[in-house]
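Below, the structure written as structure tokens:
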């Protein structure tokens, strides 16, 4: 499974519709979603393959966002629900970078109406910072995004402590967010 979904991720970077037509992209997305939404998807025996499936789905969504965006609109909220990743460190870093890519591009399918998903995304950033699934470059990007939110949407940060995802953050996660905003 891991090799198969990794292969889907590789093919998902191909924008040539003759190689990977829309119908195949839709079918691949449905298969990946079914895989990552199984109750045992992120248990020890399945977690690495599931991390690769999440990565492949993110690549499909990115490819879709440059087209009609329907696949991304349908799949990105479900993709976001799987984050952060932690089993396959290499794929986790790829996916956490994808998350930054989508936020930096102000992807409406990811952010939701009136940036409704932004608090959840900020909490994911808090769980990623200062872990082995975040390198220096990604930490800098996250810090820049947090500063942009602080400057442009301060109400989001003010409301963050009341968000259900914030309650799941450890004290260390919360301090990582604070450091990233003030750095």
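Residue numbers (our numbering): 1 to 183.
Where is the CB? At the ideal position from N, CA and C, for every residue including glycine.
Check                                                                                            : Outcome
Burial state of residue 19 (16 or more Cβ within 10 Å)                                           : exposed
Rounded separation between residue 183 and residue 143 - CA only                                 : 7 Å
Residue ranges of each beta strand (DSSP E) within the region 88-157, 3 or longer                : none
Beta-carbon proximity list for residue 130, same chain, < 6 Å, skipping 5 on both sides          : 176
Residue 182 - DSSP class collapsed to helix/strand/coil                                          : helix
Straight-line Cα distance separating residue 62 from residue 24                                  : 15 Å
Sufficient close CB pairs (3 or more, under 8 Å) joining the region 94-111 to the region 155-171 : no
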